[in-house]
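Residue numbers (the working numbering): 11 to 164.
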């Protein structure tokens, strides 16, 4: 876990994302990565049984432990679960990325049609470009100058 992570960051970022999507959520239901994954597993398994057209109310009726989702009962289960999965990804990324949003980078790249074929791999291999607190951030320039061949994948 990164040094900038503090207890509660996951829940904060998860809640922010769900709020931004305009979706209700039980405040203590998705309060940690592990709790979110556990509840998602139950929901995904129920959707497999009920089918993609099921509502959250039907998920609640077909399972145990999801009663707190009654606030979202009228929503389509697949869409709601998709939003929870997305919020899980956002909260995990921001928690581990010290609050930064990798999505901003990809939006800029796509919007401006920047020609870097393997951009996802490039930033995955070089997180210090985006992470202000990365321990090897200052050595990136030296690497670029001394071993340019190490970036041939880009």
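Think of the CB as a built atom: it goes at the ideal place given N, C-alpha and C, for glycine as much as any other residue.
None of the values given here were measured: they were computed from a predicted structure.
Mind checking which residues open and close the alpha helix (DSSP H) that includes residue i?
{"i": "residue 29", "result": "19-31"}
{"i": "residue 4", "result": "Outside the shown range of the chain, which is 11 to 164, sits residue 4, and nothing can be said about it."}
Is the distance from the Cβ of residue i to the Cβ of residue j below 9 Å?
{"i": "residue 146", "j": "residue 97", "result": "no"}
{"i": "residue 87", "j": "residue 115", "result": "no"}
{"i": "residue 50", "j": "residue 91", "result": "yes"}
{"i": "residue 119", "j": "residue 35", "result": "no"}
{"i": "residue 20", "j": "residue 102", "result": "yes"}
{"i": "residue 45", "j": "residue 56", "result": "no"}
{"i": "residue 53", "j": "residue 73", "result": "yes"}
Kindly list the residues whose CB is nearer than 6 Å to the CB of residue i, restricted to its own chain and excluding five residues on each side of it in sequence; keep chain order.
{"i": "residue 7", "result": "It is not possible to answer for residue 7, since the shown part of the chain is limited to 11 through 164."}
Let me know if residue i comes out buried or exposed under the rule of 16 or more other beta-carbons within 10 Å of its beta-carbon.
{"i": "residue 105", "result": "buried"}
{"i": "residue 27", "result": "buried"}
{"i": "residue 11", "result": "Bear in mind that the predicted position of residue 11 carries a pLDDT of just 46, short of 50, making it unreliable; the figure below should be weighed with that in mind. Exposed, since its Cβ has fewer than 16 Cβ neighbours within 10 Å."}
{"i": "residue 150", "result": "exposed"}
{"i": "residue 124", "result": "exposed"}
Apart from the five residues just before and just after residue i, which ones in its own chain have a Cβ nearer than 7 Å to its Cβ?
{"i": "residue 78", "result": "36 and 39"}
Considering only residues of the same chain and omitting the five flanking positions on each side of residue i, which have a CB-CB separation below 8 Å?
{"i": "residue 16", "result": "none"}
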